[in-house]
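Q:
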Amino acid sequence: MDLDVYVSTNHRATEQGNWNCKAVLEEEKKQLEEKLINALWEHSLIVDVLLNFITTEREISERQLQIQKLQLEASLLKSEMKKFNELADQFGRLQVNIHN
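Taking our numbering, the leading residue of the sequence shown gets 1109, the next gets one more, and so forth.
Given below as structure tokens:
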């Protein structure tokens, strides 16, 4: 084979190899970009789920505090009703004593 033909053929093969390598790298870049986009999307979904969970947990805690407050108020009202009934009984006995 003539040296010029060999160099020319080798040069074309190198150019073809470079082009193929560039195409492979471009495809890999595209795939990595897609993976990154998917990973970011999944991360975004995870963050949304966590924020919803945190919000739900906070709402549950707030409701539990409201329930505890209402239970305390109910207990206080029950105590006040007991005192009121005792006073009403005393008042009733006083009225009976006054009329007798």
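A virtual CB, placed ideally from N, CA and C, is assigned to each residue, including glycine.
1) When you compare only the Cα positions, how much space is there between residue 1145 and residue 1158?
2) Distance check for residue 1188 and residue 1194, CA to CA, integer angstroms please.
3) Could you check the C-alpha separation between residue 1163 and residue 1170 for me, to the nearest Å?
A: From the atom records:
1) 20 Å
2) 10 Å
3) 10 Å
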